[in-house]
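Scroll down for the structure; my scribbles are underneath it.
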Amino acid sequence: RVHGEVPTHPAVWRIARDDSGKEYQFTDIIYEKAVGEGIAKITINRPERRNAFRPLTIKELIVAFNDARDDNTIGAIIFTGKGTQAFCSGGDQAVRKADGYADYDKFGRLNVLDLQVQIRRLPKPVIAMVAGYAIGGGHILHMVCDLTIAADNAVFGQTGPKVGSFDAGYGSSVMARLIGPKRAREMWFLARFYTAPEAEKMGLVNTIVPLEKLEQETVKWCREIVRNSPTAIRVLKSALNAIDDGHAGLQQLAGDATLLFYGSEEGIAGKTAYLEHRRPDFSKFPWRP
Ligand code: S0N
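Under the UniProt record's numbering, the first residue of the sequence shown carries the number 50, and numbering increases by one thereafter.
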């Protein structure tokens, strides 16, 4: 009643621009913003490989997520894969070496772990929009997103124990938190695939929609988010992650407290006194119960 109906018309997407005003040129991803909506969309663009990621893909994703974080007109970020067959099929096994994944360097790396942390700490909701397969490291990427909207053709699963890999970090701990320790063991030990309704029942996804309505519904959820209070959402995200993320989670939440304190009369009184080389007078500020 306060906000009225959420519009359902399609978003108009434009390629995002960098600080110099030039369109971002990426090889493995597409980075767009919806005109006048406060929504960004980041798409893995390797459909011929079921959107498997290589180090370059992750490098580009990190740049795009960082831009979306810094753009104070953006309030929600959609993360998806190109096409209808896959959200992401995990690490590109063709470039997997003995020391990680290697493409642009001679040595391997697991930079997807940096991306997982970045999504987790990004103070805006990241919504996974999943059509088709979310498998392996791709399944972990949707799990670290704040929300998952799944198409009815979505399939979820881990393959690690079948292909000689595992994610003993967020891929295990966040999963256990999401679906419970027994189910997490099942998902990892058996490496089965789960349909969208099965995943919804397990608590892996927020809702399922027909494939042809996937983007419309995801944008609708984003529109609902971006008309709410940015600060409330920011603090809630860090609060919801705080315990699981330990010191880093506490730091994120504490940073939000500092951010709010800087804008308060009490905080400003301390800074002003310092700059004016005098003792601060905090006497008018109450010791609240
Ligand atoms: C996704 C699947 C089920 C789709 O099956 P479908 O539709 O039958 O398609 P395919 O014909 O199989 O695939 C089409 C083409 O795409 C290539 N392809 C698909 N996935 C990958 C991939 N992950 N790497 C490289 N290529 C891929 C196919 O080869 C095919 O190409 P062509 O026609 O040329 O042969 C099915 O494709 C599937 O099961 N894919 C593999 C899924 C998988 O095992 N992924 C890797 C799992 N591991 C990780 O992701 C770990 C990475 C990681 O995040 C990590 C994190 C922390 C610590 C460690 C790690 C770690 O590296 O282990």
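All residues carry an ideal CB built from backbone N, CA and C; glycine is no exception.
Does the beta carbon of residue i fall short of 7 Å from some heavy atom of ligand 1?
i    : result
R99  : yes
T208 : yes
G157 : no
Q300 : no
A135 : yes
F128 : no
A151 : no
Q142 : yes
G218 : yes
L239 : no
G132 : no
I184 : yes
V212 : yes
G139 : yes
L263 : no
L162 : yes
I107 : no
I88  : no
F215 : yes
I189 : yes
Near residue i, what residues of its chain come up, given a Cβ to Cβ distance below 7 Å and the 5 sequence neighbours on each side ignored?
i    : result
D141 : R98, A101, F102, R103, Y150
D152 : R103, P104, L105, V144
K71  : none
I111 : D163, L164, Q167
R170 : Q301
F331 : E315, A318
For residue i, I'd like the list of residues in its chain whose CB is within less than 8 Å of its CB, leaving aside the five on either flank, ordered along the chain.
i    : result
P96  : G130, K131, G132, Q134, A135
A291 : G298, L299, Q301, L302
V212 : Q142, G185
R283 : P172, K173, D305
In its own chain, which residues sit with a C-beta less than 6 Å from the C-beta of residue i, not counting the 5 before and 5 after it?
i    : result
Q165 : V193, Y219
L159 : G149
G157 : K146, D148, G149, Y150, A151
M236 : Q207
A245 : A199, D201, A203, I257
P174 : A125, D195, I274
I107 : N160, V161, L164
Less than 8 Å between the CB atoms is what I'm expecting for residue i and residue j, so what's the real figure, rounded?
i    : j    : result
A225 : A233 : 4 Å
L285 : G252 : Actually they do not touch by this definition, with Cβ atoms about 18 Å apart.
Y80  : A113 : 4 Å
R63  : K82  : 6 Å
Can a CB atom of chain B be found closer than 8 Å to the CB of residue i?
i    : result
I317 : The structure shown contains no chain B; it is built from a single protein chain.
Counting Cβ pairs, one atom from each stretch, are 3 or more of them under 8 Å apart for the stretch 170-187 and the stretch 195-203? yes
Are three or more beta carbon pairs between the stretch 207-215 and the stretch 262-278 nearer than 8 Å? no
Counting Cβ pairs, one atom from each stretch, are 3 or more of them under 8 Å apart for the stretch 292-304 and the stretch 84-103? no
To test your reading of the DSSP string, which unbroken alpha helix (DSSP H) runs of 4 or more residues are found completely within the stretch 222-301? 230-239, 245-251, 263-275, 279-291
Touching or not, the stretch 50-64 and the stretch 267-287, by the rule of three or more beta carbon pairs under 8 Å? The way I'd put it, the stretch 50-64 does touch the stretch 267-287; three or more beta-carbon pairs between them come closer than 8 Å.
Residue ranges of each beta strand (DSSP E) within the stretch 75-118, 3 or longer: 78-83, 88-93
Would you call the stretch 273-287 and the stretch 59-74 in contact, with 3 or more CB pairs under 8 Å? no
Mind pulling the beta strand (DSSP E) runs of 3 or more residues that sit fully within the stretch 166-201? 175-179, 182-184, 196-200
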